[in-house]
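Just below is one structure, and these are the notes that go with it.
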Amino acid sequence: MLVVFPAVRIARRSRGGSTMSADFTLLVWSVALTVLQAVVAVAGATLQVGLPALAGSREGLPEIVGWAGRAARAHRNMLESIALFAALVLVAQAAGKANAMTALGAQLFFWARLAYAVIYIAGIPWLRTAVWALSVVGLLLIFLQLV
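Heads up: the sequence shown at position 56 corresponds to 937 in my numbering, and the numbers run straight through without jumps.
Written out as structure tokens, the structure reads:
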């Protein structure tokens, strides 16, 4: 079951029958989003420079531009952000501090990061920044439950 605002409860029954918390569920989906962003970035780079150039040492590789370059930059930004998100989710779970507010923070983070990737690749600058800020609010909501 995936419920977005205001219920702030996401639970997923695993194959073993146990329920995974909203925070963990969204962490798993955030990892999937990160992998998808890598695939999109590599596909774009392949279209521009070809697979042989990417399979080589990448020395002297021309700059990847346009939507493919934006996809690569969005992916790099996600790699930076997911490390913070994962750390906060894991600490909240380990400390027994996961609650409705951390679930809300996780939802904000995931959905904002999904929107961020699409908006960045589309090349919409100010909206991209606003959505990025929303993902940071999600991180802050989790952080505030830990201090």
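Each residue gets a CB set at the ideal place from its N, CA and C atoms; glycine is no exception.
What you are looking at is a predicted structure, and each value in this text was computed from that prediction instead of being measured.
Item                                                                               : Value
Proximity test, Cβ basis, 8 Å: D904 and chain D                                    : Here chain D cannot be found, since the structure has a single protein chain.
N958: first and last residue of the uninterrupted alpha helix (DSSP H) it sits in  : 947-975
Length of the line joining the Cα atoms of W992 and G986                           : 10 Å
Beta-carbon separation (whole angstroms), A968 vs Y997, contact threshold 8 Å      : Contact flag wrong, Cβ pair sits at about 19 Å.
Spatial distance of A975 from Q929 (CA atoms)                                      : 44 Å
Nearest candidate by alpha-carbon position, reference V921, set G1019, R957, A1014 : R957
Residue closest to L908, alpha-carbon to alpha-carbon, out of Q1026, G1019, V1028  : G1019
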